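Novice: Heads up: the sequence shown at position 62 corresponds to 62 in the UniProt record's numbering, and the numbers run straight through without jumps.
For glycine and all other residues, C-beta sits at the position ideal for the given N, C-alpha and C.
A quick note: this is a predicted structure, and the numbers were derived from the prediction, not measured.
Below you will find the structure I want to go over with you.
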Amino acid sequence: MLSFPEFRKEIIKYCVLMYEKNYVVASDGNVSVRISEGHFLITPSGKRKSELEYKDLIVIDKEGNVIEGNFTPSTEMWMHIWIYEMRPDVNAVIHAHPPYSTAFSFQMPREYVPQLPEIESLVGKIGFVPYREAGSLELAKLVKEKITEHNGLILQKHGVVVVGHNLEESFNRLERMEFEFKIKSLRESFR
1 MLSFPEFRKE IIKYCVLMYE KNYVVASDGN VSVRISEGHF LITPSGKRKS
51 ELEYKDLIVI DKEGNVIEGN FTPSTEMWMH IWIYEMRPDV NAVIHAHPPY
101 STAFSFQMPR EYVPQLPEIE SLVGKIGFVP YREAGSLELA KLVKEKITEH
151 NGLILQKHGV VVVGHNLEES FNRLERMEFE FKIKSLRESF R
């Protein structure tokens with residue numbers, strides 16, 4: 001397992017990557033890692049992901065209390081906490097707004113089976129969560145229910161949630177999901 005400073009470094013690395021790949025804009029999206037049983041390191045609310053510093057990250061516990069940090073945790077904090085509760089195998093959660101996946105969320109009425117074999121093997125079936133207000137407990141509850149069967153979820157009109165054993169695996173799932181929906185979009189444009 002990584003040390004505390006290494007967890008901070010990893011979160012910042014993947015936040016910058018998400019920004020560089022246009023998976024998030026401005027202060028959108030959020031990232032967390034499990035640092036110990038019942039404790040998580042999460043990105044703050046309202047801060048640009050491309051400009052995060054170590055001091056910006058927040059340690060929270062499974063009750064949502066801030067243990068360390070000077071900022072407000074992500075508004076999607078409960079979504080992260082409940083994912084960890086439901087999935088003891090998960091140590092990293094990413095929520096992002098990649099354009100192709102988010103665009104597809106407007107027309108996706110149910111679970112999606114990836115068409116590209118490498119996406120199906122890494123991510124599996126992609127779950128669908130109907131629209132609920134961002135940061136709401138209703139959205140967090142729906143994600144909590146769906147994440148038990150999926151490593152990737154499309155949130156209608158809101159983006160994606162991916163999970164993994166570590167941030168690298170979560171990010172790879174994010175990247176592959178976005179690639180799947182980019183290919184799907186290109187295929188449909190040729191019809």
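For Asn22, count neighbouring Cβ atoms within 10 angstroms of its own Cβ and tell me buried if that reaches 16, exposed if not.
Specialist: As a working mapping, residue 22 is identified with position 22 in the sequence shown. Asn22 is exposed by the Cβ-count criterion.
Novice: Mind listing, in chain order, the continuous alpha helix (DSSP H) runs of no fewer than 4 residues lying wholly within the region 2-45?
Specialist: You should have 4-20.
Novice: Would you list, in sequence order, the uninterrupted beta strand (DSSP E) runs of no fewer than 3 residues that lie entirely inside the region 55-143?
Specialist: Qualifying beta strand (DSSP E) stretches, in chain order: 58-61, 66-68, 92-96 and 127-129.
Novice: When you compare only the Cα positions, how much space is there between Ser189 and Lys182?
Specialist: Along the sequence shown, one-based indexing puts residue 189 at 189. Along the sequence shown, one-based indexing puts residue 182 at 182. C-alpha separation (whole angstroms): 11 angstroms.
Novice: Considering only C-alpha positions, which residue in the set Lys146, Leu155, Ile126 and His165 is nearest to Arg176?
Specialist: The sequence position of residue 176 within the sequence shown is 176, counting from 1. Checking every option, the nearest Cα to that of Arg176 belongs to Ile126.
Novice: Can you grab the Cα-Cα spacing for the pair Lys141 / Ser3, in whole Å?
Specialist: As a position in the sequence shown, residue 141 is number 141, starting the count at 1. As a position in the sequence shown, residue 3 is number 3, starting the count at 1. Straight-line Cα distance between these residues: approximately 31 angstroms.
Novice: Nearest by alpha-carbon distance to Glu51: which of Ser170, Lys9, Gly159 and Glu149 is it?
Specialist: For the purposes of this step, residue 51 is identified with residue 51 of the sequence shown, where counting begins at 1. When only C-alpha atoms are compared, the closest one is Lys9.
Novice: So the candidates are Ala103, Ile83 and Asn91; which of them puts its Cα closest to the Cα of Ile11?
Specialist: Mapped onto the sequence shown, residue 11 falls at position 11. Checked all of Ala103, Ile83 and Asn91; the closest Cα to Ile11 is Asn91.
Novice: Look at the alpha carbon of Ile60 and the alpha carbon of Ser36, and state the distance between them as a whole number of angstroms.
Specialist: As a first step, residue 60 must be located in the sequence shown, where it is residue number 60. As a first step, residue 36 must be located in the sequence shown, where it is residue number 36. If I take the Cα positions, the gap works out to 11 angstroms.
Novice: Return the chain-ordered list of same chain residues with a C-beta closer than 6 angstroms to the C-beta of Leu41, the five sequence neighbours on each side being excluded.
Specialist: Residue mapping note: residue 41 aligns to position 41 of the sequence shown, counting from 1. The answer, listed in chain order, is Phe7, Val33, Ile35, Leu57 and Val59.
Novice: Might you give, ordered along the chain, the residues of its own chain that have their beta carbon closer than 6 angstroms to the beta carbon of Leu155, omitting 5 neighbours on each side?
Specialist: As a position in the sequence shown, residue 155 is number 155, starting the count at 1. Cβ within range, chain order: Val129.
Novice: My guess is that His97 and Gly164 are in contact by the Cβ rule of under 8 angstroms, so how many angstroms apart are they, rounded?
Specialist: Start at 1 with the first residue of the sequence shown, and residue 97 comes out as number 97. Start at 1 with the first residue of the sequence shown, and residue 164 comes out as number 164. His97 to Gly164, Cβ: 18 angstroms. No contact.
Novice: Over what stretch of residues does the alpha helix (DSSP H) that includes Ile183 continue unbroken?
Specialist: The residue given as residue 183 occupies position 183 in the sequence shown. Looking at the DSSP string, the run of the alpha helix (DSSP H) that includes Ile183 is Leu167 to Ser189.
Novice: Should Val161 be labelled buried (16 or more other beta-carbon atoms within 10 Å of its own) or exposed?
Specialist: For the purposes of this step, residue 161 is taken as residue 161 along the sequence shown, with counting starting at 1. Val161 should be labelled buried.
Novice: For the beta strand (DSSP E) that Ile154 lies in, which residues bound it at each end?
Specialist: Your numbering for residue 154 matches position 154 in the sequence shown. Segment Gly152 to Leu155, the beta strand (DSSP E) holding Ile154.
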